[in-house]
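Protein chains in written order, with the working numbering: chain A, 45 to 518; chain B, 6 to 248.
Each remark here refers to the structure printed beneath this line.
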Amino acid sequence: MTSRAAAQPFLWTLCALNLLLAGLQLFVFAPLVGGGRSLDVSLWPGDLLFRADALNVAFGVAWTLTLALGLPVFAGPHNPVSMKQAGLFGLTSIGLLVMAYARQPLLFLLGWEVVGLSLWLLLQSVGWPGNLRRAAVAIHLPGLLLLLVIFIDPLGPFAPPQGGAAVAWSLLATLTMGAVVLVRCGYWFVTGWQQSFPSQALFCVCLDMLAAPFLLAKALVAAPWSDLGAWSLALMGAAALLGVLFASLTRSVDAALLVASSAVASALLGFGLAPLSPLAALGATAFLLVGALWLTMATLPYRGALFFAQGLLCAWLVSQGALDARYRMVAALLLPVVAFIAFRVADRPMGDNGTGLFGSVRVIPITCGLILLVGLVIFPQAAVEWVLRPVVSALAGGVGVPSTLQTNWGVGLLVRSQQENVLAALPATGIALALFLTCVLLYWLRGLARLITPTPAISRNTDNDTIALETHAE
Amino acid sequence: MTPELAAFSDWTLALLPRLFLYPGGLWLLAALLLFRSASGGLPAVQPSRLLHDLARVNLLSAALAWTAIALLPFPGIPPLPYPVDRFVPLALLALSFLLDIKGGKASPLQGVVTAIVTLAVLIPSIESRTLFGTSAHPTIAVVASSLAVGIALVALLQAGEGQQSISGGVRWLSWLCLGLLPLWQFIAVEGAWLPSLTVVVALLLLCGLSRLLPDGGRAAVWAASSALFLALLGLLPALLASV
Numbered sequence: 045m046t047s048r049a050a051a052q053p054f055l056w057t058l059c060a061l062n063l064l065l066a067g068l069q070l071f072v073f074a075p076l077v078g079g080g081r082s083l084d085v086s087l088w089p090g091d092l093l094f095r096a097d098a099l100n101v102a103f104g105v106a107w108t109l110t111l112a113l114g115l116p117v118f119a120g121p122h123n124p125v126s127m128k129q130a131g132l133f134g135l136t137s138i139g140l141l142v143m144a145y146a147r148q149p150l151l152f153l154l155g156w157e158v159v160g161l162s163l164w165l166l167l168q169s170v171g172w173p174g175n176l177r178r179a180a181v182a183i184h185l186p187g188l189l190l191l192l193v194i195f196i197d198p199l200g201p202f203a204p205p206q207g208g209a210a211v212a213w214s215l216l217a218t219l220t221m222g223a224v225v226l227v228r229c230g231y232w233f234v235t236g237w238q239q240s241f242p243s244q245a246l247f248c249v250c251l252d253m254l255a256a257p258f259l260l261a262k263a264l265v266a267a268p269w270s271d272l273g274a275w276s277l278a279l280m281g282a283a284a285l286l287g288v289l290f291a292s293l294t295r296s297v298d299a300a301l302l303v304a305s306s307a308v309a310s311a312l313l314g315f316g317l318a319p320l321s322p323l324a325a326l327g328a329t330a331f332l333l334v335g336a337l338w339l340t341m342a343t344l345p346y347r348g349a350l351f352f353a354q355g356l357l358c359a360w361l362v363s364q365g366a367l368d369a370r371y372r373m374v375a376a377l378l379l380p381v382v383a384f385i386a387f388r389v390a391d392r393p394m395g396d397n398g399t400g401l402f403g404s405v406r407v408i409p410i411t412c413g414l415i416l417l418v419g420l421v422i423f424p425q426a427a428v429e430w431v432l433r434p435v436v437s438a439l440a441g442g443v444g445v446p447s448t449l450q451t452n453w454g455v456g457l458l459v460r461s462q463q464e465n466v467l468a469a470l471p472a473t474g475i476a477l478a479l480f481l482t483c484v485l486l487y488w489l490r491g492l493a494r495l496i497t498p499t500p501a502i503s504r505n506t507d508n509d510t511i512a513l514e515t516h517a518e
Numbered sequence: 006m007t008p009e010l011a012a013f014s015d016w017t018l019a020l021l022p023r024l025f026l027y028p029g030g031l032w033l034l035a036a037l038l039l040f041r042s043a044s045g046g047l048p049a050v051q052p053s054r055l056l057h058d059l060a061r062v063n064l065l066s067a068a069l070a071w072t073a074i075a076l077l078p079f080p081g082i083p084p085l086p087y088p089v090d091r092f093v094p095l096a097l098l099a100l101s102f103l104l105d106i107k108g109g110k111a112s113p114l115q116g117v118v119t120a121i122v123t124l125a126v127l128i129p130s131i132e133s134r135t136l137f138g139t140s141a142h143p144t145i146a147v148v149a150s151s152l153a154v155g156i157a158l159v160a161l162l163q164a165g166e167g168q169q170s171i172s173g174g175v176r177w178l179s180w181l182c183l184g185l186l187p188l189w190q191f192i193a194v195e196g197a198w199l200p201s202l203t204v205v206v207a208l209l210l211l212c213g214l215s216r217l218l219p220d221g222g223r224a225a226v227w228a229a230s231s232a233l234f235l236a237l238l239g240l241l242p243a244l245l246a247s248v
C-alpha cells in the first residue's frame with residue numbers, strides 16, 4: 045500500500061467527522077438560537093461555562109466546515125495526513141469549538157491555547173525547518189498577555205449584561221485584545237514572509253489567524269469599546285492592512301497568508317468600528333467567514349478574483365459603516381487595498397506543493413466552496429438575513445441593531461439613514477441578471493467571430509493553464 | 006405578484022435599454038471603436054483585428070465591464086428603480102481586471118493604477134459620507150478626483166491596458182465614464198448628446214495626451230505617480246469635509 049493510499053482513511057475520517065460536527069451544531073443549535081435566543085450550559089450547578097448564540101453557532105459551524113472542506117484541498121500528494129497529524133487536526137477542531145462556545149474568557153483562552161498547541165505539534169510533525177522554540181513563544185505569548193489582563197482588570201463573561209446599559213471595556217482591556225490578535229496573526233505573517241509553510245501547516249496557520257479576531261467579537265457580546273478604544277482598534281486594523289499591502293509588493297508571501305491576514309486586518313477594522321456602526325460589525329463578521337471559505341478555493345487559478353468577489357459584500361458593509369462612523373480614511377482605503385492585494389494573490393505560490401492536484405479528492409470541497417461563493421455573490425440577501433444579521437444581533441452588549449440595512453429579496457441590499465435617505469445600494473441579484481444577459485450575448489458573438497476568423501486553433505498551455513488562440517493568417 | 010418579484014421585474018425592464026442601447030450596447034460599441042482608433046490607430050478597428058480580438062475575449066471579464074457601464078447614472082435615460090452606488094461599478098471593474106490577469110500576465114503597474122483609479126473614484130463618496138458620492142457643487146476633492154482618474158487612464162494607456170483586449174477597452178471606457186460622473190450632478194442635461202460629446206472629447210484628449218508622451222515604462226510610472234498625487238490631494242479635503 046502506498047503512503048498516499050494509507051493516508052486516505054485518516055483524511056476522509058477527519059473530513060467526515062468535521063462535517064458531522066458542523067451538521068450536528070446546525071441541527072441542534074439553529075432552532076434554539078433563532079430569533080435572538082441563546083442557551084447557557086453549565087457542567088456543574090452555578091457555573092455557566094458554555095453559551096450557544098447565533099455568533100457562536102455561526103463560527104462553530106464555519107470552522108468545522110472549513111476543516112472538513114479545506115483539508116483535502118491543502119493536503120498534497122507528498123505530505124499525506126498521518127495518524128498523528130489526524131489526531132492533531134482533531135485537537136484543533138476541539139480547541140476551535142471550545143473557543144466558539146466559551147462563555148468565560150479563561151475557557152476561551154484555554155481553547156485558543158489548545159489550537160495553538162496542536163498547530164505547534166503539527167509544525168513539528170511535518171518537519172517545518174523554522175525555529176520551533178520561537179514559534180512556541182509567539183503562540184503562547186498573546187495568551188499570557190491576555191491572562192495577565194484577566195488578573196489585573198477582570199474581564200466579565202462573554203454574555204450580554206443582565207439589565208441596564210453595558211459598561212464599556214476599559215482602554216487597557218481593549219488595547220490588549222487588539223494587540224493579542226495582532227501579535228498572534230503578525231507572527232505567522234512575518235514568519236511566512238521569510239519561510240514558506242508546508243501545505244497542511246499553512247492551512248492550520250491560516251485557520252488560526254482567522255480565528256484570532258473572534259476574541260473581539262466575543263468581547264462585543266458583553267460590552268462596547270470606549271471611543272478611544274474604538275479609535276485605537278481602527279488604527280491598529282488600518283496599520284495592519286497597510287502592512288499587508290506593503291508585504292504584498294514582495295513576492296515571497298503565500299497567497300493564503302495574504303488573504304488570511306488581509307481578512308484579519310479588515311475584521312479588526314470592522315470590529316473596532318462596530319459600536320459606532322452595526323454595518324461595520326456585519327462586514328467584519330463576513331470578512332472572517334469568507335476568509336475561511338476562500339481556503340477551500342485556494343488552489344484554483346482565479347483565486348485572486350475569487351477572494352475579491354467574496355470580499356465585495358464585506359468591503360461594502362465596512363466601507364458604509366466607516367462612513368457612518370465618520371472614519372472616512374477606512375472607507376477610502378479598504379476597496380483599493382483589497383483590490384490590490386487580490387491582484388497580488390492572483391500570481392502567488394501556494395505552500396510548498398499546494399498547486400499539485402490531489403486527484404479527484406479536491407473536486408468535492410472545491411465544488412462546495414464554489415456553490416457557497418456563487419450563492420454569496422449573487423444572493424447576498426440570504427447571507428445577510430440568515431447568518432450576518434442574527435450574528436450581529438447576538439453582539440447585544442456592544443453593537444446596536446443593524447436597522448439601516450434593508451433587504452429586498454428580489455434585487456439586493458440597501459442602506460438608509462434614519463431620515464430615510466438612501467446611503468448605499470448593492471443590487472447584487474439584479475446585477476447577476478445583467479451579467480448573465482451580457483455573458484450570453486458575448487458568448488454568441490465570440491462563437492460567431494471564431495466561425496468567421498480564418499482557422500483559429502486553440503491550444504492549451506499547460507504551464508500557466510491559459511488558453512491561447514492562434515490565428516493563422518491566410 | 007409579490008413585491009419582491011415586482012421589484013425584480015421593474016429592474017429587468019429598466020435594465021434592458023441600458024444594457025443594449027445606452028450607455029451599454031450600441032453606444033458602448035461606438036465608443037469602443039472610437040477608443041480603439043484613437044489609441045491604436047486605424048489598424049485597431051479593421052474587421053479582421055476586431056474579429057480576432059472578439060474570438061479571444063474573456064467572457065466574464067468583458068461582461069463585468071459592460072455591466073458596470075450600463076449601471077452608471079448617465080443623463081438621457083431614466084434612473085434604475087433600485088439605485089446603484091458608486092462602490093458597485095468600481096468593484097465590478099476591479100473584478101473584471103482581476104479576471105483578466107490569470108497567469109500573472111498583468112504588469113504590477115496595471116494593478117497599482119487600478120487601485121489608484123478605485124481610490125480616486127471613491128473620493129466624492131468619502132466627502133459626502135455616502136457610497137453614492139453625490140455632491141451639490143464642485144469641490145476641490147471632486148475636481149482632483151476627476152483629474153486623477155484622467156491621468157491614471159493615461160498611465161493605463163501607456164501600460165498597454167485597453168489596446169490589448171476588448172475587455173480592457175470596455176473597462177477603460179467605464180472608468181472614464183465614472184470619472185465624468187460628477188459633471189452630471191452640476192450640469193442639468195436632458196438628452197444623451199451632451200454626455201456622448203463629453204465622453205468623445207475626453208477620450209480624444211486622453212488618447213492624444215498618451216500619444217504625446219514618449220513610449221516606455223517611465224512615462225507610465227510618471228503618469229501613475231501624478232495620478233496618485235492628485236488622488237491624495239483630493240482625499241485630504243474629502244477627509245476633512247464637514248458633512
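Beta carbons are placed, not taken as given, at the ideal position from N, Cα and C, and that holds for glycine.
Item, Value
"Under 8 Å between C-beta atoms of A/A112 and A/L63", "yes"
"Cβ-Cβ distance between A/L361 and A/G327 below 8 Å", "yes"
"For B/F234, the nearest candidate out of B/T139, B/R134, B/L55, B/V118 (CA to CA)", "B/V118"
"8 Å Cβ cutoff, B/A157 in contact with chain A", "no"
"Residues near A/A369 in its chain [Cβ-Cβ closer than 7 Å; skip 5 each side]", "L317, L320, S321, A324"
"Min CB distance B/P88 to chain E below 8 Å", "Of the chains in the structure shown, none is chain E; the protein chains are A and B."
"Where the segment 330-352 of chain A meets chain B: residues whose CB sits under 8 Å from a CB there", "P345, Y346, G348, A349, F352"
"Contact residues within the segment 53-66 of chain B, judged by C-beta distance below 7 Å to chain A", "L56, H57, L59, A60, R61, V62, L64, L65"
"Closest Cα partner of A/V466 within the set B/G239, B/S101, B/S53, B/T139", "B/T139"
"Beta-carbon proximity check, A/C483 vs B/L65, cutoff 8 Å", "yes"
"Contact set for A/L254: own chain, Cβ-Cβ below 7 Å, skip 5 residues either direction", "A304, A307, V308, L332, G335, A336"
"Alpha helix (DSSP H) segments (min. 4 residues) lying fully within the segment 122-176 of chain B", "145-164"
"Straight-line Cα distance separating A/V142 from A/W275", "30 Å"
"3-residue-minimum beta strand (DSSP E) runs that sit fully inside the segment 106-194 of chain A, ordered along the chain", "none"
"Chain A residues whose Cβ lies nearer than 8 Å to that of B/T119", "A383, F384, F387"
"Partner residues on chain B for A/C483, Cβ-Cβ distance less than 7 Å", "L64, L65, A68"
"Sheet register partners of A/F94 (DSSP bridge)", "A/V85, A/A146"
"A/Q450: first and last residue of the uninterrupted beta strand (DSSP E) it sits in", "449-452"
"Selected residue, minimal CA-CA separation from B/R134, among A/Q450, A/R372, A/V382, A/A469", "A/R372"
"Opposing strand residues paired with A/V459 [DSSP bridges]", "A/L449, A/A468"
"Supposed contact pair A/V181 and A/T340 - C-beta distance, whole angstroms, cut 8 Å", "31 Å between Cβ atoms; not a contact."
"Closer than 8 Å at the beta carbon, the chain A residues around B/I106", "G348, F387, A390, D391"
"A/D396 (DSSP reduced to helix, strand or coil)", "Any reading at A/D396 needs caution, since the residue's pLDDT is 44, under 50, leaving its predicted position unreliable; the model's value is listed next. If DSSP states are grouped into helix, strand and coil, A/D396 belongs with coil."
"8 Å Cβ cutoff, A/L356 in contact with chain B", "yes"
"For B/L18 and A/F387, the rounded distance between their alpha carbons", "35 Å"
"Under 9 Å (Cβ pairs) to chain B, residues found in the segment 459-479 of chain A", "V459, S461, N465, V466, L467, A468, A469, L470, P471, A472, T473, G474, I475, L477, A478, L479"
"Alpha-carbon to alpha-carbon, A/L458 and A/L521", "As shown, chain A starts at 45 and ends at 518. That puts residue 521 of chain A outside it, with no answer to give."
"Distance between beta carbons of A/V389 and A/L519, contact taken as under 8 Å", "No answer is possible for residue 519 of chain A: the residues shown for chain A start at 45 and end at 518."
"Chain A contact for B/E195 (CB, 8 Å cutoff)", "no"
"Meets three-Cβ-pair contact criterion under 8 Å: the segment 54-68 of chain B and the segment 170-180 of chain B", "yes"
"Whole-number beta carbon distance between B/L95 and A/G348, since they are thought to touch under 8 Å", "Their Cβ separation, rounded to whole angstroms, is 17 Å, which puts A/G348 and B/L95 out of contact at 8 Å."
"Where A/V389 sits in the DSSP three-state scheme", "helix"
"Contact belief for B/F191 with B/P143 at Cβ below 8 Å, rounded distance in angstroms", "6 Å"
"Closer than 8 Å to chain B by CB, A/L367", "yes"
"Contacts around A/R177, its chain only, beta-carbon distance under 6 Å, and the 5 residues preceding and following it disregarded", "none"
"Three-state secondary structure assigned by DSSP to A/G236", "helix"
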